[in-house]
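S.K.: When the sequence shown is numbered by our numbering, its final residue is 106 and no position is left out of the sequence of numbers. Even for Gly, the Cβ is constructed at its ideal location relative to N, Cα and C.
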Amino acid sequence: MDIKEALAAFAALSQQTRLEVFRRLIKAGEEGISAGELGSQLDVRQNTMSANLTVLLNAGLVRNERNGRSIRYFADFEALRGLLSFLMEDCCGGSTERCQPLIEELVCAC
C-alpha cells in the first residue's frame, strides 16, 4: 500500500458510521452483511448507508457481491493487511522486541 491509498483508507474511516460499518464487516468475516442488515444494526437510513458503503468501496476497504436483488458487503482483508503493514513498516526502527507486544495484540485469538 502506498501513501495515497493509506490516506484514502484513513479518510474513509474518519467518519463514525463508516468506521462502525467496517468493524462490523471485519467481525462478520466471510459471511459478510447485507446493506439492509447494516442499516438496521446501526439505525442508519438506506440512502445514508449506501453513501457510506460507496466511500468504503472507493477506498478499497470493502468489496461487494450481488445475489439477486441483495448486495452483501465484506471487509477486504487484503486491504486491511496492507494498511496495517503500511503503518507497521518501520515499527520501532527494526527493534522487534519492542514491537512484539503490539504484534501479539494484533494476532487473532479466534
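Start and end of the beta strand (DSSP E) containing valine 58?
M.R.: Position 62 of the sequence shown holds residue 58. First-last of the beta strand (DSSP E) with valine 58: 58 to 63.
S.K.: Tell whether a beta-carbon distance below 7 Å holds between arginine 20 and asparagine 48.
M.R.: Within the sequence shown, residue 20 is the residue found at index 24, counting from 1. Within the sequence shown, residue 48 is the residue found at index 52, counting from 1. The answer is no: Cβ separation not under 7 Å.
S.K.: Report the option in Gln96, Glu16, Val103, Glu101 whose CA atom is closest to the CA atom of leucine 57.
M.R.: Residue mapping note: residue 57 aligns to position 61 of the sequence shown, counting from 1. Looking at the Cα atoms, Glu16 is the closest of the given residues.
S.K.: Count the C-beta pairs between the stretch 78 to 97 and the stretch 35 to 53 that are closer than 8 Å, then say yes if the count reaches three, no if not.
M.R.: Cβ pair count under 8 Å is below three, so no.
S.K.: Look at the alpha carbon of isoleucine 22 and the alpha carbon of glutamate 93, and state the distance between them as a whole number of angstroms.
M.R.: As a position in the sequence shown, residue 22 is number 26, starting the count at 1. As a position in the sequence shown, residue 93 is number 97, starting the count at 1. The alpha-carbon atoms of isoleucine 22 and glutamate 93 are separated by roughly 28 Å.
S.K.: Where DSSP assigns a beta bridge to isoleucine 67, which residues make up the other side?
M.R.: To locate residue 67, count along the sequence shown from 1; it is residue 71. DSSP output for isoleucine 67 lists Arg62 as bridge partner(s).
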